[in-house]
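Going down the list, the protein sequences come from chains H and Z.
Everything in the first sequence is counted per the UniProt record's numbering, starting at 1 for the first residue and increasing by one.
Everything in the second sequence is counted per the UniProt record's numbering, starting at 1 for the first residue and increasing by one.
Single-structure report; data block below.
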Amino acid sequence: MSLDTVGLALAGTARRTRRRTRPSALVVASIALLGIVAVASVLAPVITPYAPDATDILNSSAGPTSEHLLGTDGTGRDTLSRLLIGAQLSLLAPLAVAVITTAVGALLGLAAARIGGAFDMIVSRAMDIVFAFPTLLLALLAVAVFGPGLTAPICALALGYIPFVGRIVRSAAIQEQAKPYVGSHAVMGFSELAITVRHIFPNIAPVLLAQATLTFGYAMLDIAALSYLGLGVQPPAADWGSMIAQSQSAVLQGNLWSILFPGMAVILTVLAVNVLGESLSDRFSLASRSAR
Amino acid sequence: MSDSQNGETVLRATGLSKLFKSTVAVDDVSFSLKRGSSLGVVGESGSGKSTTARMIVGLESPSSGSVEFPGATGSGRRGRARLVQMIFQDPFHSFDPRITIAEALEEPLRLHFDWSRERRQARVAELLDQVGLSTRQGGALPRTLSGGQRQRAAIARALGIEPAILVLDEAVAALDVSIQAQVLVLLDNIRRDTGMSYVFVSHDLAVVRYITTDVIVMRSGRVVEAGQTEQVLADPQHPYTRLLLDSVPRPGWDLDRVRRGRLELDSMKETS
């Protein structure tokens, strides 16, 4: 092969890759927003202008001013500071749900697909049963049994979302293991476990990543809802859901500002996560289709 | 090709049968393979030849009958892998799409041999060279290679394990005729050099004539004719073998003969 043809071939590959991997402006904006939120939440203790629970009673229920950039809530606490500190819990709790769900769901889905038979049937039916439960209801049930706080709802939400991940991983693994390379590796002497870990899992990992992202978005909404109901994060700790709840009285007094910012924070973050998750899942289902 | 007489038997299939639910895919098939020889398994689609191949490598377990490897020492999946390897019809999907050809070739070496990294990589380079692939192609992902290149890579990967037997299931059927010839010459050279035995599953009689020493003809899961390739193809005894031969387009080809052959076969079925 002459150098020219190699160059041409490489150029062709590069062109194809670029066209396929270039994300839309919306996706880029979502990633940027999530990046900012993540960095802000990590740096929160350093960059907050006020202590999150310091009250400025003279300036309570105020709109944005030069002193309080995003205004204050009904007890005069700085909204920006609480928003930044609240981001930590608001992101960590759904992250925990996404991690547990993805790990357990992937394990169950892979095991069901690879072992098959009665094991597959039992796991699949069990997932169907959990699937039939509204996830938020499951979380409410957990709070009712174990009391308010984040641990119980995190576990309950993780349990509730496992079937979503498990089913998708199972069907992706079943599709993957039908490919002849799985048989050719068995003929080469590799154990089923080695084939699963080294070949099937890495090939379905992108699907899992997309699903984990979507789970994060759902869990974030659910936890915000629980906190809003006063069942999740307990005062004086703050997350965005509890900030919305605590701002209700301010809204009744005609101050929309204190509910606007935490509300926007939840909406924009969940939206960004969902845009990213949908784009990932579209991309990878498309990739697997075109590779066939 | 008379080297088939003097080798010892490396593979013996006795009364192999396979049922899928109530369908009989393979029905009482027996054959043996000598070291350095090449057995063709021919028949049309659905004749059970692929299922037979899959039973030899252990991808399907026989419903009854047995596959034996006389003189074999290893056991289990890894032991069997050292005895018999398989080349699949679809060269694309027999590779993990994520890893390069060279990595795919190194993987089984790591499993089967207690070698250093350098030694494995040297062996990979040797294997690539043996099948006529460049180092650059070795570093490429499977999807960037052509069908013929992938099939040669698959052959290299199987050769790396140094099996006694290579099962080729329609291994050249998906390739262009010129590439087909290239791969066949490669396979024939390897057999002469290493004394490896082949089970060559194909519907293409021209290919079978070139590459095999012995042949069995399968129809509806049964062996209808067996013998030395030259003899069977020159003087077919069973009407089905004659029909297969008549079905190959060539100068002076006559479709009516094919039709008469079908009729003869169908009338046989009614009387049996």
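No residue lacks a Cβ here, since even glycine has one placed at the ideal position from N, Cα and C.
With DSSP as the reference, label Glu225 (chain Z) as helix, strand or coil.
-> For the purposes of this step, residue 225 (chain Z) is taken as residue 225 along the second sequence, with counting starting at 1. Strand.
Return the first residue and the last residue of the beta strand (DSSP E) that Ile161 (chain Z) is part of.
-> The sequence position of residue 161 (chain Z) within the second sequence is 161, counting from 1. From DSSP, Ile161 (chain Z) is part of no beta strand (DSSP E); its letter is neither H nor E.
Ile101 (chain Z) versus Leu145 (chain Z): straight-line alpha-carbon distance, rounded = Against the second sequence, residue 101 (chain Z) aligns to sequence position 101. Against the second sequence, residue 145 (chain Z) aligns to sequence position 145. Whole-angstrom Cα-Cα distance: 9 Å.
Closer than 8 Å by C-beta to Pro45 (chain H): which residues in its own chain qualify, once you throw out the five before and the five after it? Chain order, please.
-> Here residue 45 (chain H) refers to the residue found at position 45 of the first sequence. If we look at Pro45 (chain H) and ignore the five residues flanking it on each side, its Cβ neighbours are Ile85.
Quick one: what's got a C-beta closer than 8 Å to Ala291 (chain H)'s C-beta in the same chain, skipping five residues either side?
-> In the first sequence, residue 291 (chain H) corresponds to position 291, counting from 1. Residue confidence for Ala291 (chain H) is low, a pLDDT of 46 falling below 50, so the modelled location carries little weight; the figure read from the coordinates is stated next. Around Ala291 (chain H): no qualifying Cβ.
Three-state class that DSSP yields for Leu256 (chain H) in the structure shown | Stepping through the first sequence from its first residue, residue 256 (chain H) is reached at position 256. Secondary structure at Leu256 (chain H): coil, using DSSP grouped into helix, strand and coil.
For Asn189 (chain Z), is the classification buried or exposed, using 16 other Cβ atoms within 10 angstroms of its Cβ as the cut-off for buried?
-> The count along the second sequence starts at 1 and reaches residue 189 (chain Z) at position 189. When all chains shown are included, Asn189 (chain Z) counts as exposed.
Which residues in chain H sit within 7 Å of Phe95 (chain Z), going by Cβ to Cβ distance?
-> To locate residue 95 (chain Z), count along the second sequence from 1; it is residue 95. In chain order: Tyr181.
So what does DSSP say about Glu68 (chain Z), is it helix, strand or coil?
-> Position 68 of the second sequence holds residue 68 (chain Z). Of the three classes helix, strand and coil, the one that applies to Glu68 (chain Z) here is strand, per DSSP.
Distance CB(Gln151 (chain Z))-CB(Val183 (chain Z)) smaller than 8 Å | Here residue 151 (chain Z) is taken as the residue at index 151 of the second sequence, counted from 1. Here residue 183 (chain Z) is taken as the residue at index 183 of the second sequence, counted from 1. Closer than 8 Å, so yes.
In the DSSP assignment, what residue or residues form a beta bridge with Thr14 (chain Z)?
-> Translated into positions along the second sequence, residue 14 (chain Z) becomes position 14. Answer by DSSP bridge pairing, in chain order: Z:Ser66.
Can you give me the start and stop residues for the beta strand (DSSP E) that Thr23 (chain Z) sits inside?
-> Numbered from its first residue, the second sequence carries residue 23 (chain Z) at position 23. Its beta strand (DSSP E) spans residues Thr23 to Lys34.
Pairwise C-alpha distance: Pro163 (chain H) and Arg114 (chain H) | Within the first sequence, residue 114 (chain H) is the residue found at index 114, counting from 1. Within the first sequence, residue 163 (chain H) is the residue found at index 163, counting from 1. Those two C-alpha atoms are separated by around 17 Å.
Taking all protein chains shown into account, decide if Gly221 (chain Z) is buried (16 or more other Cβ within 10 angstroms of its Cβ) or exposed.
-> What you label residue 221 (chain Z) is simply residue 221 of the second sequence in a count that begins at 1. With 16 or more Cβ atoms within 10 Å of its Cβ, Gly221 (chain Z) is classed as buried.
Find out if the Cβ-Cβ distance for the pair Gln248 (chain H), Ser61 (chain H) is shorter than 8 Å.
-> Taking the first sequence and counting its residues from 1, the one referred to as residue 248 (chain H) is at position 248. Taking the first sequence and counting its residues from 1, the one referred to as residue 61 (chain H) is at position 61. For Gln248 (chain H) and Ser61 (chain H), no; Cβs fall outside 8 Å.
Taking 8 Å as the CB-CB cut-off, is Leu260 (chain H) touching chain Z?
-> Within the first sequence, the letter at position 260 stands for residue 260 (chain H). Answer no: the Cβ-Cβ gap between Leu260 (chain H) and chain Z never drops below 8 Å.
Using CA coordinates, which residue listed in H:Pro206, H:Pro49 and H:Val165 is at the minimum distance from Ser66 (chain H)?
-> For the purposes of this step, residue 66 (chain H) is identified with residue 66 of the first sequence, where counting begins at 1. Closest option to Ser66 (chain H), Cα to Cα, is H:Pro49.
Check the Cβ of Ile161 (chain Z) against every Cβ in chain H and list those closer than 7 Å, keeping chain order.
-> The residue you call residue 161 (chain Z) lines up with position 161 of the second sequence. Within chain H, the residues near Ile161 (chain Z) are Met188.
Val266 (chain H): which of H:Gln88, H:Arg170, H:Thr72 and H:Ile129 sits nearest, CA to CA?
-> Taking the first residue of the first sequence as position 1, residue 266 (chain H) is located at position 266. Ranking the options by Cα distance to Val266 (chain H), first place goes to H:Gln88.
Residue(s) in a DSSP beta bridge with Val84 (chain Z) | Looking up residue 84 (chain Z) in the second sequence gives position 84. Looking at the DSSP assignment, Val84 (chain Z) forms a beta bridge with Z:Ile165.
Where does the unbroken beta strand (DSSP E) through Val207 (chain Z) begin, and where does it stop?
-> Taking the first residue of the second sequence as position 1, residue 207 (chain Z) is located at position 207. Taken as a continuous stretch (DSSP letters only), Val207 (chain Z) belongs to no beta strand (DSSP E), being part of the alpha helix (DSSP H) at Leu205 to Ile211.
Quick one: measure Cβ to Cβ for Pro64 (chain H) and Leu70 (chain H), integer angstroms, because I've assumed they're closer than 8 Å.
-> Numbered from 1 along the first sequence, position 64 holds the residue referred to as residue 64 (chain H). Numbered from 1 along the first sequence, position 70 holds the residue referred to as residue 70 (chain H). Under the criterion of beta carbons closer than 8 Å, Pro64 (chain H) and Leu70 (chain H) qualify as touching, at roughly 6 Å.
Candidates H:Ala238, H:Val207, H:Ser90 and H:Asp56: which alpha carbon is nearest Ile223 (chain H)'s?
-> Looking up residue 223 (chain H) in the first sequence gives position 223. The residue among H:Ala238, H:Val207, H:Ser90 and H:Asp56 with its C-alpha nearest the C-alpha of Ile223 (chain H) is H:Ser90.
Nearest candidate by alpha-carbon position, reference Arg209 (chain Z), set Z:Arg219, Z:Pro163, Z:Leu233 and Z:Val201 | Looking up residue 209 (chain Z) in the second sequence gives position 209. Looking at the Cα atoms, Z:Leu233 is the closest of the given residues.
Helix, strand or coil: how does DSSP classify Thr48 (chain H) here?
-> The residue labelled residue 48 (chain H) in the question sits at position 48 within the first sequence. The answer is coil: DSSP assigns Thr48 (chain H) none of H, G, I, E or B.
With a CB to CB cut of under 7 Å and the five nearest residues on each side skipped, what residues in its chain are close to Val6 (chain H)?
-> Walking along the first sequence from the start, residue 6 (chain H) turns up at place 6. Because Val6 (chain H) carries a pLDDT of 47, less than 50, the predicted location of this residue cannot be relied on, and no value is offered for it.
So Ile154 (chain H) and Ala237 (chain H) are in contact, right, with Cβ under 8 Å, and what is the actual spacing, rounded?
-> Position 154 of the first sequence, counted from the first residue, corresponds to residue 154 (chain H). Position 237 of the first sequence, counted from the first residue, corresponds to residue 237 (chain H). Not a contact, Cβ separation roughly 15 Å.
Integer Cβ distance of Thr102 (chain H) from Ala212 (chain H), believed to fall under 8 Å | One-based indexing of the first sequence puts residue 102 (chain H) at position 102. One-based indexing of the first sequence puts residue 212 (chain H) at position 212. Sure, about 4 Å apart at Cβ, within 8 Å.
Can the beta-carbon of residue 278 (chain Z) be found closer than 8 Å to that of Ala104 (chain Z)?
-> Outside the shown range of chain Z, which is 1 to 272, sits residue 278 (chain Z), and nothing can be said about it.
Grab me the residues of Arg54 (chain Z)'s own chain with a C-beta within less than 7 Å of its C-beta, minus the 5 sequence neighbours each way, in chain order.
-> Position 54 of the second sequence, counted from the start, is the residue given in the question as residue 54 (chain Z). Once the five neighbours on either side are set aside, the close Cβ partners of Arg54 (chain Z) are Glu60.
Do Val275 (chain H) and Leu221 (chain H) have their CB atoms nearer than 8 Å?
-> The residue labelled residue 275 (chain H) in the question sits at position 275 within the first sequence. The residue labelled residue 221 (chain H) in the question sits at position 221 within the first sequence. It is not a contact, given that the beta carbons lie outside the stated cut-off.
Identify whether Phe20 (chain Z) lies in helix, strand or coil by the three-state DSSP scheme.
-> Reading the second sequence from its first residue, position 20 is the one you call residue 20 (chain Z). Phe20 (chain Z): strand per DSSP, three-state reduction.
Can you pull the chain A residues whose beta carbon is under 8 Å from the beta carbon of Gln85 (chain Z), in chain order?
-> In the structure shown, chain A cannot be found, because the protein chains are H and Z.
Among the residues of its own chain, which have a CB less than 8 Å from the CB of Ala206 (chain Z), if the five just before and after it don't count?
-> Walking along the second sequence from the start, residue 206 (chain Z) turns up at place 206. The residues are Val248.
What are the boundary residues of the alpha helix (DSSP H) that includes Phe133 (chain H)?
-> Position 133 of the first sequence, counted from the first residue, corresponds to residue 133 (chain H). Counting along the chain, Phe133 (chain H) falls outside any alpha helix (DSSP H), and DSSP gives it neither H nor E.
For Leu263 (chain Z), name the three-state secondary structure that DSSP assigns.
-> Residue 263 (chain Z) sits at position 263 when you count from the first residue of the second sequence. Residue state, collapsed to three classes: helix.
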